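Protein chains in written order, with this note's numbering: chain G, 1 to 277; chain P, 278 to 586.
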Amino acid sequence: MRIAKFKEWLSLPGGFGIFSGILMLGIMIILGILIPNFGKYKSDAFVGDPFRPPSFQHPFGLDQLGRDVMTRTFSSVGIDLGVAFLGVSIPLIIGTIIGILLGLAKNKYVLSLVGSIIDGINAFPLLIIAVAMLTFLGSGLKSVIIILAITNWARYARISRTRAVVVSKQNYIEAARTLGFSKRRIVLKHIAPNVSSETVAYALSDFILVIVVVSGLSFLGLAAKPPMAEWGSMIADGRAYLAQSWWLVIFPGLALCWSAVSLSFIVEGISRRDRGM
Amino acid sequence: MLRTVFGRLGRAVSVGFWVMVISFAVMRIIPGDPASARLGGVDAAAIEQLRKQLNLDGSIFHQFKTYILDLLHGSFGVSLQTGRSVKEIIASTLPLTVYLIIFSTIFAIILSIPIGTAIAWSGRAPIVYAFRGITAVILATPNFFIAMVGILIFTVRVHWSPVFGYEPQFPQNLKYLWLPVVVNTLIMTSVISRVLFSSVVETKQEEFVETGIIRGVGRRKFFWFYILKPSLAPTVVLLSYMMGTMLGATVILETIFTLPGIGREMVNAVLTSDYPVVQGILLIFGVITVFLSFIGDVIAYALDRRVKI
């Protein structure tokens with residue numbers, strides 16, 4: 001019975017995409033928990049000769065300092081996905097709240113002022129403004145999270161504001177008002193859930209972008225610092241030895257791709273389900 | 278028509294002003310003093326001197342006034358590292374980046390139009406699934422990894438592209454530029470053909486397409502005017518946005534391929550805490566993006582008056 005239901009769900013539009021995306025992401029997260037914690041090696045331990053190619057003992061080979069690449073690749077899962085998760089969820093919350101407030105605000109000056117600031121922030125490519133702010137804030141993963149919170153909320157605020165304006169004109173809001181519900185209750189119980197469904201959907205696709213930005217900043221040497229294992233900085237480290245030791249770059253890169261692709265399958269599946277095709 | 282375009286121009290100018298405010302604010306919203314951070318906080322007189330040079334003395338309004346006036350006089354400040362004027366640095370590094378983007382864009386357009394329309398027109402499920410899957414993978418892959426795989430294949434294995442370096446003369450420089458252009462083109466083609474694909478799928482359902490078929494419009498005319506033209510507006514808007522994102526991505530791409538463009542200049546400036554250069558380049562990036570999105574919106578409006586800009 002359960003299986004039949006699941007099969008039905010899977011056959012709906014986008015079902016296969018969502019399922020395979022969640023499966024892929026789940027595998028990555030489980031390996032990211034298991035291998036660094038219960039594996040044979042530590043992520044920063046020197047376990048053999050440098051540049052040992054992939055073998056049965058070290059499936060992903062050893063890096064320039066003789067550390068196990070597989071352990072390092074999977075201990076990055078928590079860092080990359082964790083930083084990206086914070087870098088998405090904090091702006092999501094801030095942006096959604098500001099957007100709702102703007103959508104309900106009546107003061108013209110406040111509206112145009114905040115609206116312009118939002119447009120101004122959104123005018124910069126995310127990577128560029130992040131790089132520029134890192135100059136002043138100092139590099140590091142903590143700075144990256146702060147910068148994403150400062151800059152990325154504007155994209156969410158724009159979406160949330162447009163949605164809040166639409167929602168607040170709907171009949172059910174009118175109905176709630178006629179029923180004499182308090183303003184607070186209307187905003188919290190009726191407007192916020194309808195607005196946040198939209199911003200959360202955007203957050204999922206933003207997650208991919210932020211993973212790419214975080215690893216890109218690490219690649220430039222501005223986020224994760226050695227000896228920390230992180231995909232972007234592992235790829236940057238391996239770059240110098242690309243000609244002899246391809247495994248230093250390819251495995252962290254594939255892990256990065258795998259995670260981003262799994263998310264993009266989920267996003268695509270959800271959007272297909274919404275459109276019903 | 279004119280009124281809409283001018284209205285959009287007004288918005289571009291006002292966003293441009295805020296871009297200026299943000300480039301100004303970036304150096305100031307962070308706790309602590311950039312001048313003493315750079316000098317290490319030893320020599321009080323030197324710090325004061327640097328504060329003056331960075332326009333960090335006086336009230337915030339005074340600082341902002343000086344900043345705007347300097348910009349209006351065309352002065353972006355002076356590099357702390359080399360003493361060259363920031364304007365000069367930008368003028369010498371920007372062209373390479375712009376060529377990189379323009380060529381990738383042209384190639385991407387040439388490739389996307391047949392790919393996007395043909396796949397949408399055929400509408401066969403296996404092809405559509407393969408197309409969606411492949412482009413989704415390309416788009417989810419960071420450009421530096423694509424570039425690395427490119428280097429691994431074309432530099433390490435077959436030696437078609439030099440390892441690093443750059444020669445500015447015309448025929449020699451192509452040797453260094455073709456691989457970055459290919460990487461950029463690959464990414465842009467995926468985005469543009471995807472949007473064109475869904476846009477053509479939508480156009481296919483419009484009534485005028487059926488009318489065109491019934492009226493027996495010639496094949497070429499049918500393709501250009503009935504299918505492509507109505508589908509282009511969303512693609513153009515996306516294209517202008519994409520060019521801005523690509524501009525941001527050159528920061529990484531130019532670092533990998535050691536090309537002396539504006540992106541690499543910015544990374545170098547960040548690593549050496551060269552504040553005026555970072556600020557100047559940030560402003561230029563913002564202004565270019567605002568300009569691109571203005572142009573994109575206007576072209577989209579010219580193609581399809583139903584578009585709201």
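C-beta: ideal position from N, C-alpha, C; glycine also. Quick caveat, the model's predicted, so the values are computed rather than measured.
Cross-strand partners of residue i (DSSP beta bridge)
i       : result
D119(G) : BP columns for D119(G) are empty, so no partner.
V355(P) : S362(P)
L62(G)  : D68(G)
7 Å CB neighbourhood of residue i in its chain, flanking five on each side removed
i       : result
L65(G)  : F46, P50
V210(G) : A84, G87, V88, L148
I415(P) : L463, I464, S467
W278(G) : One cannot answer for residue 278(G) here, as it falls past the ends of chain G, which runs 1 to 277.
L12(G)  : R273
I22(G)  : I266
A176(G) : I186, H190
P125(G) : none
G39(G)  : T71
Proximal residues to residue i (C-beta, below 8 Å), its chain only, five neighbours per side dropped
i       : result
V567(P) : A289, V292, G293, V296
A314(P) : S550
L111(G) : L102, A105
T423(P) : The question names Thr, yet the displayed sequence has Ile at residue 423(P). So the qualifying residues of the chain are I415, V460, L463, I464.
E487(P) : none
Y241(G) : F51, Q64, L248
F431(P) : W437, S438, L456
E198(G) : I159, S160, R163
Y518(P) : L569, S570, G573
L25(G)  : S259, S262, L263, I266
Any chain G beta carbon closer than 7 Å to residue i
i       : result
G563(P) : yes
V486(P) : no
L373(P) : no
G521(P) : yes
L559(P) : yes
M412(P) : With the sequence shown as reference, residue 412(P) is identified as Thr, and Met is not the correct amino acid for it. Chain G contact via Cβ: absent.
V460(P) : no
F301(P) : no
G573(P) : no
G335(P) : no
P439(P) : no
Rounded straight-line distance, which links the Cα of residue j to that of residue i
i       : j       : result
S245(G) : G317(P) : 40 Å
M523(P) : I378(P) : 7 Å
G216(G) : S369(P) : 25 Å
A123(G) : G557(P) : 15 Å
G269(G) : G180(G) : 40 Å
G525(P) : I539(P) : 10 Å
K506(P) : E479(P) : 13 Å
P227(G) : D44(G)  : 7 Å
M520(P) : L548(P) : 25 Å
A397(P) : K7(G)   : 29 Å
I598(P) : I392(P) : Given that chain P is displayed from residue 278 to residue 586, the structure contains no residue 598(P) and the question cannot be resolved.
G400(P) : Y406(P) : 10 Å
K5(G)   : S196(G) : 28 Å
L569(P) : A577(P) : 12 Å
K585(P) : R155(G) : 19 Å
H58(G)  : R541(P) : 36 Å
W281(G) : G276(G) : Since the first residue of chain G shown is 1 and the last is 277, residue 281(G) is not available in this structure.
I159(G) : I386(P) : 29 Å
L137(G) : V435(P) : 42 Å
L454(P) : E484(P) : 45 Å
D310(P) : K329(P) : 12 Å
A192(G) : I100(G) : 7 Å
V494(P) : K481(P) : 15 Å
V213(G) : I128(G) : 10 Å
L92(G)  : I145(G) : 13 Å
6 Å CB neighbourhood of residue i in its chain, flanking five on each side removed
i       : result
E444(P) : N450
D581(P) : A510
G14(G)  : G269, R272, R273
G427(P) : L456, V460
S218(G) : A224, E230, G232, S233
L312(G) : Any question about residue 312(G) goes unanswered here, given that chain G covers just 1 to 277.
is_contact[residue i, chain P] using C-beta, thresh 7 Å
i       : result
L65(G)  : no
P125(G) : yes
T135(G) : yes
L220(G) : yes
D44(G)  : no
D206(G) : no
Closer than 7 Å at the beta carbon, the chain C residues around residue i
i       : result
G427(P) : The structure shown contains no chain C; its protein chains are G and P.
Give, in chain order, every unbroken run of the alpha helix (DSSP H) that is at least 4 residues long and sits entirely within the region 348 to 436 of chain P. 363 to 399, 402 to 417, 420 to 428
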